[in-house]
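Residue numbers (our numbering): 1 to 153.
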């Protein structure tokens with residue numbers, strides 16, 4: 001099943017300190033609902049992932065997993081850490097790679113979530129200049145034509 005939560009606080013704004021509203025709280029409520037649904041249907045475990053790079057920044061992810069633990073949701077809902085899985089795939093598919101290109105939102109870039117996972121394993125993260133970063137961010141978030149504005153038909 002797919003659960004969409006468009007009302008979750010903006011991760012980039014939170015990471016950049018432009019908002020005090022943590023996205024971890026609403027997403028934890030979603031996982032609690034998933035846990036309840038799994039238990040009601042007789043399932044022992046549900047597996048879930050959050051398809052947002054910036055959500056995996058420690059500032060958000062650690063608060064999120066702490067809430068799940070405190071509420072006992074983590075015993076029913078097993079979370080997939082998207083970025084750790086990405087690093088695993090890179091290592092499996094291109095084991096000789098040393099440089100990894102990253103095009104991302106400014107929040108993902110500034111949070112260094114990929115750097116923190118890739119660099120300790122010997123990878124160099126290659127990014128565009130700050131000037132081009134603003135253009136990449138716009139290509140993702142622009143309300144009229146950005147990747148997140150375009151819906152599949």
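Note that CB positions come from ideal geometry on N, CA and C, so glycine has one too.
In three-state terms, what does DSSP make of residue i?
i: residue 75; result: helix
i: residue 149; result: coil
i: residue 94; result: coil
Which residues mark the beginning and the end of the alpha helix (DSSP H) in which residue i is found?
i: residue 43; result: Looking at the DSSP string, residue 43 is not in any alpha helix (DSSP H), and its letter there is neither H nor E.
Go to residue i, then tell me how far its beta strand (DSSP E) extends in each direction, as first and last residue.
i: residue 107; result: Taken as a continuous stretch (DSSP letters only), residue 107 belongs to no beta strand (DSSP E), being part of the alpha helix (DSSP H) at 106 to 111.
i: residue 136; result: Looking at the DSSP string, residue 136 is not in any beta strand (DSSP E); the run it does join, the alpha helix (DSSP H), is 130 to 141.
i: residue 101; result: 99 to 101
Pull up the distance between the alpha-carbon of residue i and that of residue j, whole angstroms please.
i: residue 22; j: residue 41; result: 30 angstroms
i: residue 35; j: residue 77; result: 6 angstroms
i: residue 81; j: residue 149; result: 25 angstroms
i: residue 124; j: residue 147; result: 26 angstroms
i: residue 38; j: residue 9; result: 25 angstroms
i: residue 133; j: residue 74; result: 36 angstroms
i: residue 65; j: residue 43; result: 21 angstroms
i: residue 24; j: residue 63; result: 6 angstroms
The segment 12 to 19 touching the segment 105 to 123, judged by at least three CB pairs closer than 8 angstroms: Taking a cut-off of 8 angstroms for Cβ pairs, the segment 12 to 19 and the segment 105 to 123 touch, as three or more such pairs fall below it.
Which runs of the alpha helix (DSSP H) spanning at least 4 residues fall entirely within the segment 3 to 56, listed in chain order? Listed in chain order, the complete alpha helix (DSSP H) runs (minimum 4 residues) inside the segment 3 to 56 are 11 to 15, 23 to 40.
Should the segment 92 to 106 be called in touch with the segment 59 to 69, which here means at least 3 C-beta pairs below 8 angstroms? Judged by Cβ distances under 8 angstroms, the segment 92 to 106 makes no contact with the segment 59 to 69, as fewer than three pairs qualify.
Say whether the segment 70 to 87 touches the segment 125 to 139, bearing in mind that this needs 3 or more beta-carbon pairs closer than 8 angstroms, one atom from each stretch. Not touching, per the Cβ criterion.
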